Amino acid sequence: MKNEKAIVVFSGGQDSTTCLFWALKQFKVVETVTFDYNQRHDDEIECARAISKELGIKHHVLDMSLLNQLAPSALTRDDIEVKAGENGGLPSTFVPGRNLIFLSFAGILASHVNAKHIITGVCETDFSGYPDCRDAFVKSLNVSLNLSMDKQFVIHTPLMWLNKAETWKLADDLDALEFVRRKTLTCYNGIIGDGCGKCPACELRLKGYEEFLQLSRRSELR
Ligand code: ZN
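In my numbering, the protein residues as written are -6 to 215.
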């Protein structure tokens, strides 16, 4: 795949930045795409832009503000509190079909820029419950995209079966651990790096990082 071109769906967060480093190892040309849907923090788009610039990567920003019309979500409306899902329910940040829309537009962009590969950091193991982040859905959309444009796209999901600790390990294996730790934005309060430490996104990220540290200490002892 060394001679081929890829588009990474990119939010500037831990997961998509790890995917970006993964893609840079696999493909000759890599570009990023960020979706602007009036996120609570423009910081997310700025962070994605800054990382792409630092790595010398062409960055596309697509206006998806129509999502704000469709979804009364905590990510897009300031008057709704961000909450984790309770009793296995979806978190209040849920926008139905968001990933379906994003991956479809990533496919159209890939077609425009002649990229065969699309990389997304979605994952089944984080229990967030988004049905359009599951492996079966991504595979099904891959077939639909190919049929819709008569293309041979390949959607890659390097994080699909990894937990948060394993995602940190992947960043470490790609020599990107410190970059991902210091320069990515996961925090709902818009703080880059280790974040506010209190919101659900920070809690998940820090818990995964601590588990990763424990695992690597244990393997050093062996
Ligand atoms: Zn936070």
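A virtual CB, placed ideally from N, CA and C, is assigned to each residue, including glycine. Please read all numbers here as calculations on a predicted model, not as lab measurements.
- Here DSSP, grouped into helix, strand and coil, assigns residue 171 to helix.
- Between the region 155 to 172 and the region 5 to 23 there are three or more inter-stretch CB-CB distances shorter than 8 Å, so the stretches are counted as touching.
- Where residue 24 is concerned, the enclosing beta strand (DSSP E) starts and stops at 22 to 29.
- Looking at the DSSP output, residue 56 sits in a beta bridge with 29.
- Looking only at 6, 141, 22, the smallest Cα-Cα distance to residue 0 is reached by 22.
- Unbroken alpha helix (DSSP H) runs of no fewer than 4 residues, entirely contained in the region 125 to 186, are found at 128 to 142, 157 to 166, 170 to 176, following chain order.
- A distance below 7 Å between beta-carbons, with the five flanking residues on each side excluded, links residue 118 to the following residues of its chain, in chain order: 154, 155, 156.
- Per DSSP, residue 0 lies in no alpha helix (DSSP H) segment; the continuous beta strand (DSSP E) that holds it begins and ends at -2 to 2.
- For residue 50, the three-state secondary structure derived from DSSP is coil.
- Residue side-chain check: residue 157 keeps its Cβ at 7 Å or more from all non-hydrogen atoms of the ligand ZN.
- Boundaries of the alpha helix (DSSP H) harbouring residue 204: 193 to 214, taken from the DSSP string.
- Residue -2 has its CB no nearer than 7 Å to any heavy atom of the ligand ZN.
- DSSP links residue 112 through a beta bridge to 1, 149.
- Relative to the ligand ZN, the nearest heavy atom lies less than 7 Å away from the CB of residue 188.
- C-alpha of residue 113 to C-alpha of residue 200: approximately 22 Å in a straight line.
- With a cutoff of 7 Å, residue 129 does not count as near the ligand ZN, since its C-beta is closer than that to no heavy atom of the ligand.
- In terms of Cα proximity to residue 123, the closest of -3, 93, 102, 111 is 93.
- Per DSSP, reduced to three states, the secondary structure at residue 11 is helical.
- DSSP, read as helix, strand or coil, puts residue 117 in coil.
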